[in-house]
């Protein structure tokens, strides 16, 4: 169940879940026989994509003395490398920063983007089309173009070195998520809110009680996108935070080196692995909603 | 509701007034809903961009209280400096390699994974996973693999009798950067797969009956149906590739170190964004760096316009029913 399902629900028609295991297996075998070449090519590519992780795990478990030795596998596995990797840099403190900033940003951006997307989809107001053009325009502005000037401005207001920039960025929403929400909310019939209006509900209550519960897959998509964006971001924490409160991305990127500045590859591999595992787990966990969120909103 | 009130009692003064009030109220609600974004974009996107444009006309170094006016001097330098033009051309070469391979590759993968086969869901997940790996991690993973002494890449080459290559120094590091970017090729698969579901099945069937082979069906049915998505994807991939920064600074034999001390970046990886960073934080040339950002923005706008001009035409051509009938 933790695998990408077909984004469209219609195509799994011939694959009802209640098929007994035995016949499902024979069906799979039939499919494999019908399409052996495609299957082999897909397996080959999947192995190719996963292989870097395998070599990373091997490097992470290799004792320092055997790094660079002319062998594929070390003679012994050194699990203590992971513990060393978390001690060589202030790993857990930075992991905490990463978790706090990523969740803070993702929660704020998820709901703020939903509000704005809803406004664009189902409300009317003067200047709406112009503002929507501005929204699409800001999607084209590379983040780095605004990041450096923002840094210069924020340092005047003593916001550098705090978490406030992420709160502000989150509260502002992200153009891409807003766009997805707008597409999604546009697809519902008008009757949906008319019934609620007759019941005397105000716009905010209609949004929260009628539309938000319907948009769970997209909420998950927006949360995952927001969380990964901050977890993976290097430039913003590098600019806006300092040694004492920076994120794991910065720590892992620059921490594992000896006094001459040469990388300690086995610790680096261990640290990188620990850094990437939460993102992959989050993706696997949210995958079905995530893919559905894209499929329902991204294509209209 | 608003419209109904407006039309049914249009003549009555009272009705007109409540209609106007309702419209005002719904307009207020609209602005209420979008206000977080509206204020945020004004303060965190439009204002900083404006500030960068202003700084680009100055020679500010970040310390003086006033900002000496420079006119167009920074822009003249950006467009004539051999260093900057070389970082720009490196970035364009990178995009010229990465973008087509990414677009074509993820489409081919999506078509492959769209076929019925055993373990399809699992294979999709495995092929997609590298796309969720953050750039810091993917850069470091490939850095470990391409290390001269301990990396797996040289050990594979040794099987074929090739001597160890110092991948991370010299020109070869550019290849490693391309590998890092292409590893995330799967990011387009989810969108491509969703797009492939929109291809009308009856058209595919009709093409098959008319004797179209797999290539003909791809060329005349599948490609036209998904071309708007491909266009959108191409534009986004161009924009993200031109911004490449993290792999460029992390792929070096010696650790790049923290901010402002990016002295060990291999020459081959001096892409445009690295140059911008250095102008700001190594040389404190805020005006020049800002001018580079503004020029970068225009490069992106120009690239997008070019893509729409050359690919956009084939998108509309393909869906033009009049032309489709002539075949």
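Protein chains in written order, with the numbering used here: chain A, 3 to 302; chain B, 5 to 331.
Just so you know, even glycine gets a beta-carbon here, dropped at the ideal spot from N, CA and C.
The structure presented is a predicted model; accordingly, all values stated were derived computationally and were not measured.
Point to revise | Beta carbon proximity, residue 273 of chain B to chain A, threshold 8 Å | key: Within the second chain, numbered from 1, the residue matching residue 273 of chain B stands at position 269. Contacts with chain A at 8 Å (Cβ-Cβ) do not include residue 273 of chain B.
Check your understanding: Counting contacts by CB-CB distance shorter than 8 Å, is residue 63 of chain B in contact with chain A?
Key -> Numbered from its first residue, the second chain carries residue 63 of chain B at position 59. When Cβ-Cβ separations below 8 Å define contact, residue 63 of chain B makes no contact with chain A.
Practice item. Could you name the residues of the same chain whose beta carbon sits closer than 6 Å to that of residue 117 of chain B, not counting the 5 residues immediately before and after it, in chain order? Key: Against the second chain, residue 117 of chain B aligns to sequence position 113. The beta carbon of residue 117 of chain B sits closer than 6 Å to the beta carbons of 128 from its chain, once the five residues preceding and following it are set aside; these are given in chain order.
Practice item. Find the nearest neighbour of residue 167 of chain B within the set B:173, B:157, B:174, B:175, judged by alpha-carbon distance. Key: Counted from its first residue, the second chain places residue 167 of chain B at position 163. Relative to residue 167 of chain B, the option among B:173, B:157, B:174, B:175 whose CA is nearest is B:157.
Exercise for review: Just mark residue 171 of chain B as buried or exposed, buried being the case when its beta carbon has 16 or more other beta carbons within 10 Å.
Suggested key: Position 167 of the second chain, counted from the start, is the residue given in the question as residue 171 of chain B. Using a 10 angstroms sphere on the CB of residue 171 of chain B, the tally of other CB atoms reaches 16 or more, which defines it as buried.
Review point. Would you report the Cα separation of residue 263 of chain B and residue 233 of chain A, rounded to the nearest angstrom?
Key: Counted from its first residue, the second chain places residue 263 of chain B at position 259. Counted from its first residue, the first chain places residue 233 of chain A at position 231. Residue confidence is low: residue 263 of chain B scores 45 on pLDDT, short of 50, so the model does not pin down where it sits. Its coordinate-derived value is still stated next. For residue 263 of chain B and residue 233 of chain A, the distance between alpha carbons rounds to 18 Å.
Check your understanding: DSSP on residue 288 of chain A, reduced to helix/strand/coil?
Key -> Within the first chain, residue 288 of chain A is the residue found at index 286, counting from 1. Helix.
**Study point:** First and last residue of the uninterrupted alpha helix (DSSP H) at residue 158 of chain A
**Key:** One-based indexing of the first chain puts residue 158 of chain A at position 156. From DSSP, the alpha helix (DSSP H) with residue 158 of chain A extends over 145 to 158.
Review point. Does the stretch 197 to 209 of chain A touch the stretch 169 to 181 of chain A, meaning 3 or more C-beta pairs lie closer than 8 Å?
Key: The stretch 169 to 181 of chain A makes no contact with the stretch 197 to 209 of chain A, as fewer than three CB pairs between them are under 8 Å.
Practice item. Compare the C-beta of residue 77 of chain B against all C-beta atoms of chain D and say whether one is closer than 8 Å. Key: In summary, chain D is missing from the structure at hand, where the protein chains are A and B.
Exercise for review: Express the C-alpha separation of residue 273 of chain B and residue 285 of chain B in angstroms, rounding to a whole number.
Suggested key: Counting from one through the second chain, the residue named residue 285 of chain B turns up at place 281. Counting from one through the second chain, the residue named residue 273 of chain B turns up at place 269. So the two alpha carbons sit approximately 18 Å from each other.
Check your understanding: Taking 8 Å as the CB-CB cut-off, is residue 150 of chain B touching chain A?
Key -> Numbered from 1 along the second chain, position 146 holds the residue referred to as residue 150 of chain B. Answer no: the Cβ-Cβ gap between residue 150 of chain B and chain A never drops below 8 Å.
Exercise for review: For residue 265 of chain A, write down the residues that DSSP places opposite it in a beta bridge.
Suggested key: Here residue 265 of chain A refers to the residue found at position 263 of the first chain. Answer by DSSP bridge pairing, in chain order: A:259.
Practice item. Throw me the rounded Cβ distance for the residue 124 of chain A and residue 195 of chain A pair, which I believe falls under 8 Å. Key: For the purposes of this step, residue 124 of chain A is taken as the residue at position 122 of the first chain. For the purposes of this step, residue 195 of chain A is taken as the residue at position 193 of the first chain. With 8 Å as the limit, residue 124 of chain A and residue 195 of chain A qualify as a contact, their Cβ atoms being about 7 Å apart.
Practice item. Please check if any C-beta of chain B sits within less than 8 Å of the C-beta of residue 215 of chain A. Key: The residue labelled residue 215 of chain A in the question sits at position 213 within the first chain. Cβ-Cβ to chain B under 8 Å: no for residue 215 of chain A.
Practice item. Please compile the residues from chain B whose C-beta is within a distance smaller than 9 Å of the C-beta of residue 37 of chain A. Key: One-based indexing of the first chain puts residue 37 of chain A at position 35. Ordered by position in chain B, the residues that pass the 9 Å Cβ test against residue 37 of chain A are 119, 120, 121, 122.
Check your understanding: Given that a residue counts as buried once 16 or more other Cβ atoms are within 10 Å of its Cβ, and exposed if not, what is residue 261 of chain A?
Key -> Numbered from its first residue, the first chain carries residue 261 of chain A at position 259. Result: exposed.
Point to revise | Neighbouring residues, chain A, relative to residue 249 of chain B (Cβ below 9 Å) | key: In the second chain, counting from the first residue as 1, residue 249 of chain B sits at position 245. Correct list: 146, 236, 237.
Exercise for review: Leaving out five residues on either side along the sequence, give the residues of the same chain with a beta carbon under 7 Å from the beta carbon of residue 272 of chain A.
Suggested key: Residue 272 of chain A sits at position 270 when you count from the first residue of the first chain. Non-local C-beta neighbours of residue 272 of chain A in its own chain, meaning closer than 7 Å and more than five positions away in sequence, comprise 62, 83, 84, 87, ordered along the chain.
**Study point:** Simplified DSSP assignment, three categories, for residue 248 of chain B
**Key:** To locate residue 248 of chain B, count along the second chain from 1; it is residue 244. In the structure shown, residue 248 of chain B sits in coil (DSSP, three-state: anything other than H, G, I, E or B).
**Study point:** For residue 114 of chain A, the nearest candidate out of B:55, B:38, B:121 (CA to CA)
**Key:** To locate residue 114 of chain A, count along the first chain from 1; it is residue 112. Of B:55, B:38, B:121, the smallest CA-CA separation from residue 114 of chain A is found for B:38.
Exercise for review: Verify the CB distance criterion: does residue 69 of chain A have a CB-CB separation below 8 Å to chain B?
Suggested key: As a working note, residue 69 of chain A is residue 67 in the first chain. True, the Cβ-Cβ gap to chain B drops below 8 Å.
**Study point:** Alpha carbon of residue 187 of chain B to alpha carbon of residue 317 of chain B, nearest angstrom
**Key:** In the second chain, residue 187 of chain B corresponds to position 183, counting from 1. In the second chain, residue 317 of chain B corresponds to position 313, counting from 1. Straight across, the Cα-Cα distance linking residue 187 of chain B with residue 317 of chain B is about 30 Å.
**Study point:** At least three beta-carbon pairs within less than 8 Å, the stretch 150 to 161 of chain A to the stretch 241 to 253 of chain A
**Key:** Yes: the two stretches touch, three or more of their Cβ pairs being nearer than 8 Å.
Check your understanding: In chain order, what residues of the stretch 283 to 301 of chain B put their CB closer than 9 Å to some CB of chain A?
Key -> Correct list: 284, 285, 290, 293, 294, 297, 298, 300, 301.
Point to revise | Short Cβ contact (8 Å threshold) for residue 167 of chain A with residue 156 of chain A | key: The count along the first chain starts at 1 and reaches residue 167 of chain A at position 165. The count along the first chain starts at 1 and reaches residue 156 of chain A at position 154. Yes, the Cβ-Cβ distance between residue 167 of chain A and residue 156 of chain A is below 8 Å.
Check your understanding: Are the CB atoms of residue 184 of chain B and residue 255 of chain A nearer to each other than 8 Å?
Key -> As a first step, residue 184 of chain B must be located in the second chain, where it is residue number 180. As a first step, residue 255 of chain A must be located in the first chain, where it is residue number 253. Going by C-beta atoms, residue 184 of chain B is not nearer than 8 Å to residue 255 of chain A.
Review point. Counting pairs of Cβ atoms below 8 Å between the stretch 287 to 297 of chain B and the stretch 173 to 182 of chain B, do you hit three or more?
Key: The stretch 287 to 297 of chain B vs the stretch 173 to 182 of chain B: no contact.
Check your understanding: residue 23 of chain B CB to nearest chain A CB: under 8 Å?
Key -> Taking the second chain and counting its residues from 1, one reaches residue 23 of chain B at position 19. When Cβ-Cβ separations below 8 Å define contact, residue 23 of chain B makes no contact with chain A.
Point to revise | Length of the line joining the Cα atoms of residue 111 of chain B and residue 234 of chain B | key: Taking the second chain and counting its residues from 1, one reaches residue 111 of chain B at position 107. Taking the second chain and counting its residues from 1, one reaches residue 234 of chain B at position 230. Approximately 9 Å, taken between the alpha carbons.
Practice item. Within the stretch 162 to 192 of chain A, note down every full alpha helix (DSSP H) run reaching 4 residues or more, in order along the chain. Key: Those alpha helix (DSSP H) runs which fall completely within the stretch 162 to 192 of chain A and span 4+ residues are 166 to 174, 177 to 188.
Practice item. Give me the Cα-Cα distance between residue 142 of chain B and residue 258 of chain A, rounded to the nearest whole angstrom. Key: Residue numbering aside, residue 142 of chain B sits at position 138 when the second chain is read from its first letter. Residue numbering aside, residue 258 of chain A sits at position 256 when the first chain is read from its first letter. Roughly 16 Å separates the two Cα atoms.
Review point. For residue 73 of chain B, does the three-state DSSP call read helix, strand or coil?
Key: Numbered from 1 along the second chain, position 69 holds the residue referred to as residue 73 of chain B. If DSSP states are grouped into helix, strand and coil, residue 73 of chain B belongs with the strands.
**Study point:** Check whether residue 251 of chain A and residue 138 of chain B have beta carbons under 8 Å apart
**Key:** Within the first chain, the letter at position 249 stands for residue 251 of chain A. Within the second chain, the letter at position 134 stands for residue 138 of chain B. Cβ distance < 8 Å, so residue 251 of chain A and residue 138 of chain B count as in contact.
Check your understanding: What is the residue span of the alpha helix (DSSP H) that residue 66 of chain B lies within?
Key -> Counting from one through the second chain, the residue named residue 66 of chain B turns up at place 62. Note, residue 66 of chain B: premise wrong, no alpha helix (DSSP H); not H, not E.
Review point. Going by other Cβ atoms of all chains shown within 10 Å of its Cβ, with 16 needed for buried, is residue 227 of chain A buried or exposed?
Key: Your numbering for residue 227 of chain A matches position 225 in the first chain. Burial of residue 227 of chain A is indicated by the presence of at least 16 other C-beta atoms within 10 angstroms of its C-beta.
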